[in-house]
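In the numbering used here, the protein residues as written are 1148 to 1577.
Just so it is clear, CB atoms sit at the ideal spot from N, CA and C, and this is done for glycine as well.
In what follows, a structure is listed as structure tokens, so that the remarks can point back to it.
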């Protein structure tokens, strides 16, 4: 998720997109050296100076995104503590102005600007990463922008032309008190900025009731572990799929992006048993995953044709598992008489976590709740797709004992309970 540097990072990516497009078109051979800036229009042309050959990107307005505005609102519990902190969803509105030192230079620049942003209307994550870490380094770009997180936010950023009529354009330029030059308006949407305080998370519900059954020819009715549809599913669980019209031979189970082929001995007309531990080479990701059953069969006389029937999808929540936790304290202090500490907690998780998954560390104690976010790309090095160990940084957190839960794409690891039904682990002491 993006942070407070995200607004500047989007502007920097648009600037880098234009620079790369101008270089690819060898535009400097036609109009000479081109400067691409991001500053107020009244500062582009010095008093009594000639127009430079320059493109200026001016962020004229920020508005809330109408699609995300009412999706979630920050909420607090009965004690007044922050319970949820949805991201701030905003759109960025730009004026991109072309200045020409000679006749037609402005129009040439404007044409290449429109072409470049039309070809790059959706900013791929890989391009954002490269644009914010250019080689060689861009002296005009603050290094902090590379860690803004806009390449990892759930929604891709789109750059779209924005209609602005002549009356509004005249009013805006009058307010800017700059000299008008040929300008195109664009909107960057949507930017999701994560709050610094995301709120805590209450311990999980012990029991849930209710089920929905969908009846079709090849269909799934339920997913259970040891006959219990409420039992949590782990990456090494043996799951039982109840449904109808299953046959031996040609059956496969699709869990997210993973396809498993159960043994014929584990298939009956209304039930399939699948050991997830047998998928250790390519385990399904932790998180809420769609699960379907596929049946492939041959039909008709030779040459026969393969037909694949697909069942309805059920959601299966594959819980991550914390296999180890290590606390490292870097500093201690006192705040209002309460001892606090800064440092990091390193978790070892199973199954491995992909670099694009959203991973959080949830902590509960009588002192309150804490939610720590993983570093960008979950700390995965360049070219590495998954990690098993993630370090979560905490600052000035009250010292004491905490229960630990890892949340991966909305699926939380399990807490253990003692003989009286009270959660007692896993935990760490800060």
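Residue 1306 and residue 1270 closer than 8 Å at C-beta: Yes. Within cutoff.
Status (buried if at least 16 other CB within 10 Å, exposed otherwise) for residue 1534: When all chains shown are included, residue 1534 counts as buried.
Own chain partners of residue 1429 with C-beta closer than 6 Å, once the 5 adjacent residues on each side are dropped: So the list reads 1405, once near-sequence residues are dropped.
Within 8 Å, strictly: CB atoms of residue 1580 and residue 1400: Residue 1580 lies beyond the residue range present for the chain, which begins at 1148 and ends at 1577; the question has no answer from this structure.
Candidates 1545, 1425, 1324, 1541: closest to residue 1187 by CA position: Put simply, of 1545, 1425, 1324, 1541 the residue whose alpha carbon is nearest the alpha carbon of residue 1187 is 1324.
Buried/exposed call for residue 1259, threshold 16 Cβ in 10 Å: It counts as buried.
Endpoints, the alpha helix (DSSP H) within which residue 1313 is located: Following the DSSP letters along the chain, one finds residue 1313 inside the alpha helix (DSSP H) bounded by residues 1313-1323.
Cα-Cα separation, residue 1507 to residue 1201: Annotation: residue 1507 to residue 1201 spans about 44 Å, alpha carbon to alpha carbon.
Neighbour-count burial assignment, residue 1251, 16 or more Cβ in a 10 Å radius: Looking at its Cβ environment, which holds fewer than 16 other Cβ atoms inside 10 Å, residue 1251 is exposed.
Inter-residue CB distance, residue 1245 and residue 1253 (contact presumed, cutoff 8 Å): Taking 8 Å as the upper bound for CB-CB distance, residue 1245 and residue 1253 are in contact here, some 4 Å apart.
Best match in 1385, 1296, 1279, 1298 for proximity to residue 1639 [C-alpha to C-alpha]: Because the chain spans 1148 through 1577 in this model, residue 1639 falls outside it and cannot be assessed.
Which listed residue (1423, 1309, 1549) has its alpha carbon closest to that of residue 1513: Out of 1423, 1309, 1549, 1549 has the C-alpha closest to the C-alpha of residue 1513.
Alpha-carbon to alpha-carbon, residue 1538 and residue 1522: Each residue's alpha carbon lies about 8 Å from the other.
Neighbour-count burial assignment, residue 1175, 16 or more Cβ in a 10 Å radius: With fewer than 16 other Cβ atoms within 10 Å, it is exposed.
Residue 1515, DSSP secondary structure in three states: Strand.
Beta strand (DSSP E) segment containing residue 1210, residue limits: From DSSP, the beta strand (DSSP E) with residue 1210 extends over 1201-1211.
Closest residue to residue 1310 among 1284, 1240, 1352, 1379 (Cα-Cα distance): Across the set 1284, 1240, 1352, 1379, the C-alpha of 1240 shows the shortest separation from the C-alpha of residue 1310.
Residue 1571 - containing beta strand (DSSP E), residue span: It spans 1570-1572 - the beta strand (DSSP E) in which residue 1571 sits, taken as one unbroken run.
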